[in-house]
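Asker:
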């Protein structure tokens with residue numbers, strides 16, 4: 001295949017599948033790798049070392065690590081709507097056809113204009129922004145901020161909508177094991193064999209952790225092979241779930257963990273119906289953190305050139321991926337651990353040019369091994385500088401004796417010791433503690449139910465890690481009552497583990513990077529210390545150390561050690577900053593999952609929705625509900641024309657409207673009437689069976705909560721209605737009253753909103769429609785079924801309820817039928833009313849009709865109005881106690897100066913009114929001091945022939961007939977309006993009682 | 001002239017499933033549903049009267065107890081949701097006679113869409129919406145919960161496994177939410193396959 005040449009691929013080493021070559025492109029160049037490669041390993045195999053430019057100085061950068069802690073090798077994947085910037089090449093699983101691009105560079109990573117920042121470097125040190133953009137203040141918004149915004153950021157996002165789907169899911173287990181390295185596998189085996197429900201998550205696609213990257217032997221077999229066998233055994237256990245490609249990113253209260261499963265990131269596109277990623281919430285009774293450790297770089301001048309990598313990464317590329325990261329390789333180490341590199345590379349047939357060990361004395365055995373392999377050993381060596389602009393070419397070191405050594409190498413492996421990956425142990429607030437023995441911060445207290453095992457708590461030696469993991473797994477399962485068998489013992493190869501902390505080589509003028517992703521150098525740390533930002537948390541904020549997306553996994557400890565040295569303190573005194581979730585970046589799409597677009601919340605459909613949709617109704621969202629807003633007739637293309645026709649038809653003939661969304665609550669029990677007396681301001685115990693009454697509810701604080709009707713069907717049975725908006729709130733309120741405030745009352749509540757489809761049939765001809773519909777079932781004459789009557793009946797074989805109530809002010813009925821029959825009933829009403837000119841009407845016409853009658857609705861029941869404000873003061877009974885009765889008598893709520901509900905008409909009948917306009921006296925300046933209240937609702941009234949409004953006006957009741965201004969500067973400016981009583985149609989209610 | 005019968009419109013429309021559908025959802029039709037809420041201090045009496053009349057003690061706690069004809073779901077202290085095969089709109093009347101003054105009964109036959117769910121992949125699909133542990137050991141046959149799926153309130157209970165040992169759950173959701181719940185179910189079973197039918201199971 002084209003570009004299939006992989007110059008750095010080793011012949012016989014590695015766990016990649018050489019039978020499955022994969023073609024991919026980087027910056028348009030066709031390249032190839034194998035199944036089992038990451039993008040980073042395939043690029044290194046192909047000889048590509050320069051992957052990106054750094055964030056601040058646009059320094060050329062390559063691959064530093066072989067894992068999720070990678071700060072340098074950030075690339076952009078895919079294109080079009082699936083374009084994804086800032087992806088770590090070290091964890092991107094290679095697939096056929098992958099398109100990847102370098103980023104933060106223009107025009108190319110080899111020649112990048114932004115690198116001019118390097119020349120400005122003396123200015124761009126810690127505190128640069130704070131110091132530079134202070135003055136002049138006026139420049140901040142217009143000059144500095146836009147310029148900084150242009151320069152800031154990493155990668156470029158696509159503006160196209162994400163074509164993929166994401167899922168959320170829950171999982172539960174006895175033992176969650178985080179990390180499938182040696183300790184994690186041993187823990188999962190111990191708990192799983194005991195019969196516990198185990199979930200084993202690993203961010204890698206291949207379990208084994210360092211067993212795949214380092215050369216190890218367990219019980220006489222190769223470490224990677226042991227890991228594969230352990231995985232197979234775990235996969236065969238019934239209650240063990242293996243979750244590869246899954247990063248546990250957060251630890252939360254109650255043993256809950258957040259995890260991100262990359263279901264399809266290793267595929268060109270997700271399979272049919274498959275999500276791209278799945279966001280897990282895992283609830284675990286016990287957890288074992290076996291996330292391993294991150295190797296630390298060494299801080300020396302020029303330590304960021306492509307070709308300078310962590311020693312563990314060099315070993316991983318060689319052993320796991322069969323990739324030789326360079327031609328001439330040297331090792332710089334601060335401890336015995338780095339020497340593994342010598343031996344592992346030797347086993348793969350690669351000779352190290354030199355080992356630079358910073359310690360003054362070294363185990364002679366190691367020196368002998370190196371010399372036998374032909375590797376030069378430099379004791380007490382410090383790197384003074386490096387050379388090679390687009391990749392390492394040379395290093396210069398100083399030996400203990402002061403001699404200078406120059407090494408022509410293109411790859412440098414650096415081993416600065418290990419930092420346990422303990423972030424999850426600290427997410428609930430615990431601070432880790434420094435251990436001099438381990439030269440690392442170790443978990444101190446852990447979240448409830450969590451154990452830390454293996455390298456994550458400083459046990460780096462393989463045998464110890466396996467033992468530690470098995471013990472953690474056994475203890476966790478044992479605590480939960482599972483029978484645990486004695487822990488398995490393993491024979492493992494011994495390994496060098498001695499580490500001496502070594503932090504920093506003297507400055508030479510070249511930058512020595514501490515935080516590679518945020519380009520924080522040793523000098524920046526020194527400036528922070530010098531300027532008094534000597535606390536770890538202040539250092540972080542002043543220099544941005546550890547604030548990049550890698551959260552300083554490999555940089556924090558080095559930065560804090562430098563600070564400790566500069567301020568004459570030890571590491572325990574300097575301490576460390578906090579890790580917060582997520583451990584690695586999580587896409588917002590994954591967090592949203594299914595709750596995206598119209599699924600952000602559920603949609604509730606009425607029983608007549610299908611009928612209304614078929615008629616071409618326009619719908620409006622009312623909370624979760626979709627309600628018909630209006631029903632355009634043929635030839636109508638203006639909504640106001642439609643709504644006016646609907647309102648006019650109701651006033652002149654008859655209309656039908658679905659009012660099922662209003663809350664309906666069944667109240668039963670011997671004390672039902674007493675209960676209602678307590679929750680409503682007015683009295684219901686006197687209401688006869690077969691009658692309904694308008695009722696008003698206050699909150700405890702005396703303000704109006706909701707209104708509606710209560711109909712009495714039996715001595716111990718009422719049905720309440722609430723507004724659509726407050727249906728849930730009222731039900732909750734009534735349950736609170738029943739269970740907490742008045743538990744002595746024998747009363748039972750049930751929501752019946754879903755059970756009944758309720759249709760309002762309103763207009764002077766409504767009785768005729770119902771007579772045709774109901775036939776002889778009921779006598780509807782005014783004397784037999786007067787205003788506010790209600791009854792239960794059986795109609796066409798189904799139970800039904802009829803109420804003579806009216807929101808429109810016309811003669812009106814509400815017919816309730818079981819919801820499954822709602823659509824058929826709507827059709828039956830339309831058929832019965834056809835000859836009478838019936839029209840269906842929607843929520844807008846309801847609004848017109850109720851504004852014409854001055855009925856309060858959502859805009860008036862806004863939580864700040866009292867019964868008196870709404871003209872309902874007489875509904876507050878003085879003969880009984882009710883919720884809100886005491887606080888409704890507060891001086892502030894009975895102040896005669898409060899705004900009161902009034903009606904408003906424009907003085908110029910052609911003028912349009914707008915809700916939200918504020919009222920001012922004629923000639924008064926528009927200011928809060930002169931504010932008289934505001935317009936709450938408006939409508940164009942076909943009955944009046946102009947726009948009309950309802951509003952709350954200070955002392956409105958005593959200002960009837962006066963003129964004021966409705967001031968609305970964001971729309972039409974202002975309109976002069978006349979104050980009137982809030983009734984525009986049939987003020988005596990004659991039509992209602994017809 | 002006899003009055004024309006009122007047609008029934010179901011909250012969900014059945015649709016063809018793909019072959020080998022991972023889960024099967026059956027919208028149970030023709031059910032009689034009622035809420036039964038014991039009056040103050042009358043829970044034992046209500047239970048006895050129901051047990052005498054229906055042969056099933058509804059218990060007092062979260063759980064489903066029933067047979068093929070009728071089941072009682074404990075939904076709150078002293079409260080049950082009764083679901084009966086084929087007693088549409090008459091179950092509440094019958095139960096009212098049975099419990100008399102020991103409980104308040106409310107007709108709910110049209111308020112809920114009741115789905116019977118089956119299929120080997122069922123727990124995998126439910127895990128995408130239900131926060132509860134539905135492992136057979138944690139959520140045994142007869143266990144029930146009032147919970148939320150995709151912001152819809154649902155009753156969920158487990159019936160005996162089918163003949164092949166596959167899981168069977170039932171779920172009741174408010175009629176108006178049924179469409180949204182089905183959107184979630186279809187989305188969550190997209191990779192596994194979903195068949196939706198209806199019947200008087």
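Chains as they are written, first to last, in my numbering: chain G, 1 to 994; chain E, 1 to 201.
Glycine included, every Cβ here is placed at the ideal spot set by N, Cα and C.
#1: Starting from residue 810(G), follow the beta strand (DSSP E) in both directions and report where the run begins and ends.
#2: Shortest alpha-carbon distance to residue 199(E) belongs to which of 85(E), 159(E), 93(E) and 97(E)?
#3: Run down chain G in chain order and give the residues with a C-beta less than 8 Å from the C-beta of residue 179(E).
#4: Got a sec? Which residues, its chain only, sit under 7 Å from residue 66(E) by beta carbon, not counting five neighbours each side?
#5: What does residue 796(G) reach in chain E if we use C-beta pairs closer than 9 Å?
#6: Can you say whether residue 159(G) is buried or exposed, counting buried as having 16 or more other CB atoms within 10 angstroms of its CB?
#7: With DSSP collapsed to three states, give me the class of residue 548(G).
#8: So the beta strand (DSSP E) residue 42(G) belongs to, where does it begin and stop?
#9: Using a Cβ-Cβ distance under 8 Å, would residue 151(E) count as near chain G?
#10: From the DSSP output, in three-state form, read off residue 212(G) for me.
#11: For residue 680(G), which three-state DSSP category applies?
#12: Below 7 Å on C-beta distance, what does residue 171(G) contact in chain E?
#13: Any beta-carbon of chain E closer than 8 Å to the one on residue 754(G)?
#14: Below 8 Å, how does it come out for the region 96-115 of chain E and the region 126-137 of chain E: are there three or more Cβ pairs, yes or no?
#15: If you measure from the beta carbon of residue 515(G) to each beta carbon in chain E, is any gap under 8 Å?
#16: Taking only the alpha-carbon atoms, compute the straight-line gap between residue 343(G) and residue 203(G) and give it to the nearest angstrom.
#17: Output the boundary residues of the beta strand (DSSP E) element that contains residue 974(G).
#18: Do residue 58(E) and residue 47(E) count as a contact pair if the criterion is CB distance below 8 Å?
#19: Hey, how far is the Cα of residue 32(G) from the Cα of residue 98(G)?
#20: Determine the chain G residues that contact residue 104(E) at a beta-carbon separation under 7 Å, and present them in chain order.
#21: Please classify residue 104(G): does DSSP put it in a helix, a strand, or coil?
#22: Measuring straight from C-alpha to C-alpha, what distance separates residue 2(G) and residue 162(G)?
#23: Can you give me the start and stop residues for the alpha helix (DSSP H) that residue 269(G) sits inside?
#24: For residue 86(G), report the span of its alpha helix (DSSP H) as first-last.
#25: Check whether the region 163-173 of chain G touches the region 437-449 of chain G, taking contact to mean three or more Cβ pairs, one atom from each stretch, closer than 8 Å.
#26: Which residue wins for smallest C-alpha separation from residue 479(G), given the options 463(G), 467(G), 451(G) and 457(G)?
#27: Checking 8 Å against the spacing of the C-beta atoms, do residue 540(G) and residue 69(G) come in under that value?
#28: Which of the three DSSP states, helix, strand or coil, is assigned to residue 709(G)?
#29: How big is the Cα-Cα spacing for residue 488(G) and residue 200(G)?
#30: For residue 475(G), which three-state DSSP category applies?
#31: Ordered along the chain, which non-local residues of its own chain (more than five positions away) have a Cβ less than 7 Å from that of residue 26(G)?
#32: What do you get for residue 222(E), buried or exposed, if any count of 16 or more other CB atoms within 10 angstroms of its CB means buried?
#33: In three-state DSSP terms, what is residue 577(G)?
#34: Whose Cβ in chain E lies nearer than 7 Å to the Cβ of residue 629(G)?
#35: Which chain E residues are close to residue 818(G), counting only those with a beta carbon under 7 Å from its beta carbon?
#36: Among 768(G), 336(G), 755(G) and 783(G), whose alpha-carbon lies nearest the alpha-carbon of residue 837(G)?
Answerer: Well, looking at it:
#1: Element bounds for residue 810(G): n/a, residue is neither H nor E.
#2: 85(E)
#3: 603 and 605
#4: The beta carbon of residue 66(E) sits closer than 7 Å to the beta carbons of 56 and 72 from its chain, once the five residues preceding and following it are set aside; these are given in chain order.
#5: 3, 4, 5 and 6
#6: exposed
#7: DSSP places residue 548(G) in the coil class of the three-state scheme, outside both helix and strand.
#8: Per DSSP, residue 42(G) belongs to no beta strand (DSSP E); it is in the alpha helix (DSSP H), 39-45.
#9: yes
#10: Of the three classes helix, strand and coil, the one that applies to residue 212(G) here is helix, per DSSP.
#11: coil
#12: 127
#13: yes
#14: Taking 8 Å as the limit for Cβ pairs, the verdict is that the region 126-137 of chain E does not touch the region 96-115 of chain E.
#15: no
#16: Spanning the two alpha carbons is a distance of roughly 27 Å.
#17: 973-980
#18: yes
#19: 10 Å
#20: Chain G residues near residue 104(E): 668, 669 and 748.
#21: Note: residue 104(G) maps to coil in three-state DSSP.
#22: Low local confidence applies: a pLDDT of 45 at residue 2(G) is under 50, so the model's placement there is unreliable, with the coordinate-based value given in what follows. In a straight line, the C-alpha of residue 2(G) is about 32 Å away from that of residue 162(G).
#23: Residue 269(G) -> no alpha helix (DSSP H), and no H or E assigned at all.
#24: Taken as a continuous stretch (DSSP letters only), residue 86(G) belongs to no alpha helix (DSSP H), being part of the beta strand (DSSP E) at 84-88.
#25: With fewer than three CB-CB distances shorter than 8 Å, the region 163-173 of chain G does not count as touching the region 437-449 of chain G.
#26: It is 451(G).
#27: no
#28: Three-state DSSP puts residue 709(G) in a strand.
#29: One C-alpha to the other measures close to 19 Å.
#30: Helix, per DSSP.
#31: 43, 48 and 100
#32: Shown here, chain E extends from 1 to 201; a query on residue 222(E) therefore has no answer.
#33: coil
#34: The premise fails here: residue 629(G) is roughly 17 Å from chain E at the closest Cβ pair, so nothing lies under 7 Å.
#35: Going along chain E in sequence order, the residues near residue 818(G) (Cβ under 7 Å) are 89, 109 and 110.
#36: 768(G)
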